[in-house]
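Notes to accompany the following structure.
In UniProt numbering, the protein residues as written are 1 to 1118.
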């Protein structure tokens, strides 16, 4: 033994043991075998080293000292012990079945391949002919409409650039400019004029935009889709060799680059990419790929279209000297000579004063006329109409900030609080949960005059009452002689003397009671009803954040305008419309004799507005969907819930008569200074890194790290390294060349994320497809529940969820049970009542059902699911009613997204104490209720605000990361299902022994300690350890075979044997833990796509009309 190596390694071991934040030390030196054995004895004998392990490096040229999580004694029931004892019988059956399968394979040679879909637009070959676009004669109406588009003013410059310019063409114009469809017309007309061949791909982000743009160009050219103009989506396409232009999504274009990218690029004459101003990861990847590949294709004309002010950034990135800007068209209808362009602009202050019918606003207006102290009146109305206590996350954040302000000796903690309140002025009067102190009370008590001024400027009310009926004035020392008291006391008189301040106060009250980041559907209905009752007929555009807001307003407007059904028509436009609805209501609308056409549109589909004609009235909510999810619903950290100022200005320009903005007049005044600057580097997701590896494996760039670092939005180098490590760890790429495996190809084509895609593949292998399909579809759409803003709503929702999880402690089970109930109620036409009782978002379940249909179509496209006479859907759902297998597939797919409960500190620990989590307050898997210590999760929500001040001790810190969509799993689910698909899983099962067991002794049962995936340690009897090792190795081998040839692996008998064995063990262990095991069979009763537009819930409208007709007939008879 080398005593020097032993002492040095002992220092490393002590260092890792004594430093809780160090979890891995790599020693790049070969240590002697005898020295390693002595160190292993030290680790085994000393209890303080229980969670410290020493393992060899990948190339066995050194050692790694690890801090691991203790799984402890893997307890097992008597039934499980009996099954493990009989493992020899299973092994013999497996070998016999495997021998039969191999003999069949040997008799019929088969090349293992992944049945990936064909994403090429045209047949790629040397003899393929590229056609000249045919001539086209536009009708007079189309010609006049095209001439009115703003892009027409740049017609000559665009044609010149298309003919002569070799560098990329960048065109910036508003959504109303018509650039998307006109650039296609210009390209085809120019190629026809010059008699040049044309093969153009136009890439957009949303599938709805692809279909709408393709159909609109066809309509304007008086052609049918699929001839000159085609489109290609993930599961639907109309393309042929005669196409001159093909519209597609960004995802489809990236997938086409995977297979025959170079050949396809050589055949293209033009490539148009729209929506480059929307900063998605896929768009960032595509632009980086195009920048890299355009030097290999000098004849390809690249056209980039932007609706924002991203022209200068794109110009620098592509080294383009000039950017074309398309001017706005001024409103054509001029009614009021004294207003700009004759259009009336109404902001929230005026809408509340003259249009709003809310009871609170009416009460405020009645008493405001005679009130001697408007602020005291406002404080009373806040208490009467407002939420008593906000939701738990919001309260936790604000309580922590107020604590820092109170206990600090200076005003520094107010900096963070004021920054947060600048985006959340509705929370300026928030009172601490325990002390009932507000920020203004604390600032007044401490005498911070500047802070008091700032708080009053953003709407703080000094008359809000706390404990013992004390307000902010009462907390000021020396009362009238205190400058803070004087400023607060003078505030009411300023409001009485200024009429505009009274309107501001009305607006402040409304936004404090109704959260400004949640759409007020009642106010939207009030404004639309006001237009229909008082204004001349015309088209009304209502801009909303997402499809659920669209359907909610649609339902409410139908009820409100029930007496004007013959005068009002509806057009629904959002990202989940079906192709049939687009054709019927947007591309080829029916001519109806209606006075008011109400267009309910959800961003970011504003480009489609040009196909709807002239817009007379605009109702703008000023909101958009939060891109990263809400850590605390109703609390906006960085202003990302607000629509951009460019979108607001575009909507103001669209309005020809009146524009109603449901936000204050100064909403965007300080936009440039308030908006949080994004980090120059982004956290790159594993999915994007995988696509980059697939698209550029023959690239000139030396590594994917350099490629992503030089992209338009550079990626964080540490996140790229973590993503590559994860992809290698779960078997998606191979070492050391980082080439994607067959699993990687399947995951990219599924396009639902690395972890959810893997869970979906496991569900096919374990034949429990439908439940996982529902879970994946639900995660893709978002949270099904209306997120509560107050503690009372949280309590009601948690009672509902706890009643539905059936002791499974899984949020996924709640979704499955909801979908079961909804599908049943839908068949009986009672789903409206069910949605209301379960606090579900309007239209969510229909979207979930349609997403399931899309995912099944993708699986059919990949050849995993058969259709027709040879369909295998029933076979793939044999085990759909076994929750233990469904949960096992989730665990296998989501791993390593795994947390272990730390009951002592009431928190969850992930990645061997490297991360600290807490369950989301609305999760059924709360730490105090867990029947097992392991939790797998789907999503993480991180608080993007530094709440910790310099004077706050670490003890006061709370986890900044919350995990959502959680499921509790047992020790044996982890032992049998997690981490079995790694690169070495077939040989080692990703398991390692701390110390090799000695030879048989006195017959005493030997206990071995082993490590799973170099993260979690367990102890088991040696013979049971070997049984677990065998199952993991065989499951890893099966899954790899499945990813290479899915259908043949499913037909093997050994697959069924292993799946049944795992299911029986997991079932007995869940039963011993008293975990619920309910039937989760969710095979759909609804197999076709449901309407999501104007025909949504159409059965109820028909029913209502028939009942009205029946009652009127009975009345006339009487």
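Here a beta-carbon is modelled for each residue, glycine too, at the ideal position from N, C-alpha and C.
The C-beta distance from residue 1016 to residue 68 rounds to 6 Å, short enough to meet the 8 Å contact threshold.
Residue environment for residue 786: buried (at least 16 other C-beta atoms within 10 angstroms of its C-beta). Annotation: residue 667 is outside any beta strand (DSSP E) and is labelled neither H nor E by DSSP. DSSP, reduced to helix, strand and coil, places residue 161 within a helical segment of the structure shown.
For residue 987, the closest of 1038, 966, 996 and 831 by C-alpha to C-alpha distance is 1038. Contact annotation, residue 967 with residue 1090: C-beta distance approximately 28 Å; criterion of less than 8 Å not satisfied.
Inter-segment contact for the stretch 1026-1035 and the stretch 971-978 is present: three or more beta-carbon pairs are separated by less than 8 Å. Spanning the alpha carbons of residue 313 and residue 283 requires a straight line of approximately 14 Å. Residue 563 is classed as exposed because its beta carbon has fewer than 16 other beta carbons within 10 Å across all chains shown. Fully enclosed alpha helix (DSSP H) runs of no fewer than 4 residues occupy 281-293 of the stretch 269-315, in order along the chain.
For residue 570, the enclosing beta strand (DSSP E) begins and ends at 568-573. Residue pairing of residue 202 in beta bridges, as defined by DSSP: 247 and 272. Under the Cβ criterion (8 Å, minimum of three pairs), the stretch 397-417 counts as touching the stretch 443-454.
Going by C-alpha positions, residue 222 is about 14 Å away from residue 146. For residue 53, the enclosing beta strand (DSSP E) begins and ends at 52-56. In the three-state scheme derived from DSSP, where H, G and I count as helix and E and B as strand, residue 935 is classed as strand. One alpha carbon belongs to residue 963, the other to residue 279, and they sit about 25 Å apart. By the Cβ rule, the stretch 143-158 counts as touching the stretch 175-184, because three or more pairs are nearer than 8 Å. For residue 726, the closest alpha carbon among the candidates 893, 39, 161 and 79 is that of 893.
Only residues of its own chain outside the window of five on either side were considered, and among them 547, 548, 551, 1092 and 1096 have a CB closer than 7 Å to the CB of residue 843, listed in chain order.
Counting C-beta pairs with one atom in each stretch, the stretch 7-23 and the stretch 48-57 have three or more that are closer than 8 Å, which means they touch. In the three-state reduction of the DSSP assignment, residue 918 falls in the strand class, which pools E and B. Bounds of any beta strand (DSSP E) do not take in residue 723; it lies within the alpha helix (DSSP H) bounded by 717-729. Residues 320 of the same chain have their beta carbon placed closer than 6 Å to that of residue 167, with the five preceding and five following residues left out of the count. Put simply, the backbone Cα of residue 667 is about 43 Å away from that of residue 188. In this structure, residue 301 lies near residue 270, with their beta-carbon atoms less than 7 Å apart. Residue pairing from DSSP places residue 24 in a beta bridge opposite 66.
Residue pairing for residue 1019: DSSP places it in a beta bridge opposite 73 and 1009.
Three or more beta-carbon pairs separated by less than 8 Å link the stretch 523-530 to the stretch 658-666, which places the two stretches in contact.
Going by beta carbons, residue 473 and residue 460 fall outside the 7 Å limit. For residue 618, the enclosing beta strand (DSSP E) covers residues 617-620.
In this model, residue 739 and residue 61 are separated by some 24 Å (Cα to Cα). Contact between the stretch 748-764 and the stretch 813-826 is absent: fewer than 3 CB-CB pairs across the two stretches fall below 8 Å. Minimum Cα-Cα distance from residue 1062 among the listed residues 431, 185 and 888 corresponds to 888. Put simply, the backbone Cα of residue 257 is about 8 Å away from that of residue 264.
Under the criterion of beta carbons closer than 8 Å, residue 614 and residue 656 qualify as touching, at roughly 6 Å.
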